[in-house]
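Those letters in the sequence shown? Residues 1 to 476, per UniProt numbering, in order. A virtual CB, placed ideally from N, CA and C, is assigned to each residue, including glycine.
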Amino acid sequence: MVLDDKQVLREQQEQSLRRKELWGRVDEENEEMVKEKRLLREKKIQAEKEEERAELRALDELYAQEQKDQAEKEAQLKAANRKRRLDDIAEKNFYKQQREQQSILKDRKIERDRSEIEEQCWQRKEYIDPRFVQREFCMDKVRCMLEKEEKKKEESRARDEEKVCEEAKKQAAVEQIQEQIQGEKRDQMLQAVSAHNEAQMREKVQKQLEEKPRDLELIEAQKEDNRLYFERESQKAKSTRARNIQFSDGNVKLHAQRRAIQEQQRKEAKEAEKRQAKALAAEEKEFKEYAERELQKARASGRIVLNTNKAPSRLENKCKDDQPQSFLPPINSSPPPAYIHCESAGAKCTEALPKTEAKGTPHIVNLTLGTPKANGVPARLTCNKLELTNDLKPSPPPQPRQKTEAFRHMDGPTAADTREPLLRYSTRETRRIRRKQDSCALLKDFPISSAPYRGALRNMILQKPTPPRNCSWPKT
Numbered sequence: 001m002v003l004d005d006k007q008v009l010r011e012q013q014e015q016s017l018r019r020k021e022l023w024g025r026v027d028e029e030n031e032e033m034v035k036e037k038r039l040l041r042e043k044k045i046q047a048e049k050e051e052e053r054a055e056l057r058a059l060d061e062l063y064a065q066e067q068k069d070q071a072e073k074e075a076q077l078k079a080a081n082r083k084r085r086l087d088d089i090a091e092k093n094f095y096k097q098q099r100e101q102q103s104i105l106k107d108r109k110i111e112r113d114r115s116e117i118e119e120q121c122w123q124r125k126e127y128i129d130p131r132f133v134q135r136e137f138c139m140d141k142v143r144c145m146l147e148k149e150e151k152k153k154e155e156s157r158a159r160d161e162e163k164v165c166e167e168a169k170k171q172a173a174v175e176q177i178q179e180q181i182q183g184e185k186r187d188q189m190l191q192a193v194s195a196h197n198e199a200q201m202r203e204k205v206q207k208q209l210e211e212k213p214r215d216l217e218l219i220e221a222q223k224e225d226n227r228l229y230f231e232r233e234s235q236k237a238k239s240t241r242a243r244n245i246q247f248s249d250g251n252v253k254l255h256a257q258r259r260a261i262q263e264q265q266r267k268e269a270k271e272a273e274k275r276q277a278k279a280l281a282a283e284e285k286e287f288k289e290y291a292e293r294e295l296q297k298a299r300a301s302g303r304i305v306l307n308t309n310k311a312p313s314r315l316e317n318k319c320k321d322d323q324p325q326s327f328l329p330p331i332n333s334s335p336p337p338a339y340i341h342c343e344s345a346g347a348k349c350t351e352a353l354p355k356t357e358a359k360g361t362p363h364i365v366n367l368t369l370g371t372p373k374a375n376g377v378p379a380r381l382t383c384n385k386l387e388l389t390n391d392l393k394p395s396p397p398p399q400p401r402q403k404t405e406a407f408r409h410m411d412g413p414t415a416a417d418t419r420e421p422l423l424r425y426s427t428r429e430t431r432r433i434r435r436k437q438d439s440c441a442l443l444k445d446f447p448i449s450s451a452p453y454r455g456a457l458r459n460m461i462l463q464k465p466t467p468p469r470n471c472s473w474p475k476t
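In structure tokens form, the structure reads like this:
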């Protein structure tokens with residue numbers, strides 16, 4: 001007992017040591033994970049800083065390039081404006097010089113013409129008409145007025161050109177001031193963007209520094225959650241395994257029970273089929289004996305058998321409605337057509353009839369079986385009474401032809417067609433189809449469920465029936 005206690009104590013100490021070693025390894029792994037996470041976080045922060053520096057550097061380069069492009073565009077615009085203004089001034093000076101030269105030439109011409117006119121006037125002073133003198137005076141006056149107006153126009157044109165030059169200088173000064181204002185606004189915007197980015201960087205670094213002490217707490221909580229999760233999953237696995245074992249055992253038992261029940265049902269079905277086959281054979285034998293006796297009696301009395309069909313037995317009541325059509329009409333049905341057409345036979349039969357039957361009422365002989373054997377035999381044999389008569393059955397009168405659904409709506413001479421209906425001849429194909437339909441209807445409610453028995457019964461039904469003795473096939 002003492003040794004067992006010592007061994008148990010030693011095992012407990014070893015387990016505690018192993019547990020301590022395990023927890024020590026777990027703590028070391030957790031510390032390594034924390035260090036790795038810290039290094040990854042620092043690398044991530046450094047990469048983000050580098051990305052932000054690269055972005056700021058790219059922004060500065062982009063701004064410098066934009067400033068350079070803007071300065072080049074402004075210099076090009078200024079040079080183009082200066083060149084355009086110089087061209088305008090040169091063009092204006094050229095036109096002004098041309099106008100001055102033209103005015104000088106015009107003045108010289110006027111002076112020359114005036115001097116010539118004066119000379120001519122002075123030369124012809126003695127012969128000048130006073131009206132001519134008056135006309136020359138008016139012309140001189142008008143010429144002086146035109147010269148004064150041209151001088152005024154030139155002075156006003158020069159003043160307008162000076163005003164245009166002054167307005168262009170003022171517009172250039174205003175544009176320069178606006179460009180300076182836009183440049184100052186752009187500088188202020190870039191400074192604000194850089195300050196905002198720096199503030200965001202400082203906030204991010206501060207948040208990361210605040211989140212560092214929480215890593216150990218998160219790791220401990222994660223370890224506890226993992227332990228609880230493993231315990232829950234192990235319990236679920238155990239319960240699921242036990243339940244599956246229970247279900248599998250129950251399924252095995254249930255399959256065995258079902259197999260035994262199916263085997264018992266199969267045996268019972270085979271025995272029932274055997275009993276039914278024996279009963280049907282005995283019943284068929286009884287009916288054959290009874291029919292033979294009745295035929296012998298009818299042959300001895302000289303009468304004709306009109307129906308030798310066997311009524312359905314108690315084993316065939318389920319298939320009563322789906323019986324296959326025989327070569328003779330069923331018992332207790334409407335009178336069949338006459339199958340004997342010889343005058344000699346008709347005369348003999350008419351002579352053999354009693355006096356009470358000569359008026360047209362057929363003589364029917366109802367015979368019963370003399371020795372009933374089992375339960376239900378009298379009732380079955382009562383249904384199997386034979387109709388015996390010597391009278392010939394006349395053919396039914398011709399019926400008017402009925403209109404089909406396709407021509408029922410039509411009026412005219414075909415509305416009341418009373419012609420004799422056409423005969424419908426049965427062929428080998430129609431007889432085969434009818435036998436197949438009758439066999440399917442008979443097999444539909446047959447109690448035998450086994451496929452071999454159903455096949456044997458189908459083959460037996462589809463065989464061509466043989467007529468009884470002393471009876472001919474009906475004419476179709």
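What's the gap between the Cα of residue i and the Cα of residue j?
| i | j | result |
| --- | --- | --- |
| residue 256 | residue 232 | 36 Å |
| residue 503 | residue 139 | Residue numbering for the chain in the displayed model covers 1 to 476; residue 503 lies beyond these limits and cannot be assessed. |
| residue 73 | residue 163 | 28 Å |
| residue 486 | residue 286 | Given a span of 1 to 476 for the chain in the structure shown, any question on residue 486 remains unanswerable. |
| residue 262 | residue 247 | 22 Å |
| residue 54 | residue 45 | 14 Å |
| residue 27 | residue 210 | 23 Å |
| residue 195 | residue 219 | 37 Å |
| residue 119 | residue 109 | 15 Å |
| residue 81 | residue 166 | 14 Å |
| residue 427 | residue 278 | 36 Å |
| residue 84 | residue 93 | 14 Å |
| residue 349 | residue 300 | Unreliable positioning characterises residue 349 in this predicted model, as indicated by a pLDDT of 39, which lies under 50. A coordinate reading is not provided. |
| residue 436 | residue 429 | 11 Å |
| residue 471 | residue 288 | Its pLDDT being 45, under 50, residue 471 is placed unreliably in this model, and the coordinates cannot settle the point. |
| residue 244 | residue 258 | 21 Å |
| residue 36 | residue 50 | 21 Å |
| residue 175 | residue 158 | 26 Å |
| residue 266 | residue 251 | 22 Å |
| residue 102 | residue 122 | 29 Å |
| residue 66 | residue 192 | 18 Å |
| residue 69 | residue 52 | 25 Å |
| residue 32 | residue 24 | 12 Å |
| residue 198 | residue 41 | 19 Å |
Got a sec? Which residues, its chain only, sit under 7 Å from residue i by beta carbon, not counting five neighbours each side?
| i | result |
| --- | --- |
| residue 107 | none |
| residue 282 | none |
| residue 90 | none |
Helix, strand or coil, according to DSSP, for residue i in the structure here?
| i | result |
| --- | --- |
| residue 24 | helix |
| residue 352 | Confidence at residue 352 is low in this model, with a pLDDT of 38, below 50, so the placement of that residue should be treated as unreliable; the coordinate-derived value is given next. Here residue 352 sits in helix by DSSP. |
| residue 240 | helix |
| residue 302 | coil |
| residue 427 | coil |
| residue 212 | coil |
| residue 324 | Because the pLDDT of residue 324 is 43, which lies under 50, any placement of that residue in the model is unreliable, and the number read from its coordinates should be weighed accordingly. Here residue 324 sits in coil by DSSP. |
| residue 387 | Summary for residue 387: the model assigns pLDDT 40, below 50, so the residue's position carries little reliability; its value from the coordinates is reported in the next sentence. DSSP places residue 387 in coil when its eight states are reduced to three. |
Nearest by alpha-carbon distance to residue i: which of the options is it?
| i | options | result |
| --- | --- | --- |
| residue 216 | 68, 285 and 29 | 29 |
| residue 147 | 170, 272, 104 and 18 | 104 |
| residue 47 | 201, 225, 258 and 63 | 201 |
| residue 39 | 438, 65, 212 and 239 | 212 |
| residue 173 | 143, 78 and 41 | 78 |
| residue 86 | 177, 169, 250 and 203 | 169 |
| residue 63 | 230, 272 and 190 | 190 |
| residue 43 | 438, 21, 8 and 208 | 208 |
Taking buried to mean at least 16 other C-beta atoms within 10 Å of its own C-beta, is residue i buried or exposed?
| i | result |
| --- | --- |
| residue 111 | exposed |
| residue 95 | exposed |
| residue 290 | buried |
| residue 294 | buried |
Can you name, in chain order, every residue of its own chain whose Cβ lies under 8 Å from the Cβ of residue i, other than the five neighbours on each side?
| i | result |
| --- | --- |
| residue 180 | none |
Excluding the 5 residues flanking residue i on each side, which residues of the same chain have their C-beta closer than 6 Å to its C-beta?
| i | result |
| --- | --- |
| residue 183 | none |
Can you confirm whether residue i, when its beta carbon is compared against all beta carbons of chain C, has any partner nearer than 8 Å?
| i | result |
| --- | --- |
| residue 93 | Judged by its chain identifiers, the structure shown contains no chain C, having just a single protein chain. |
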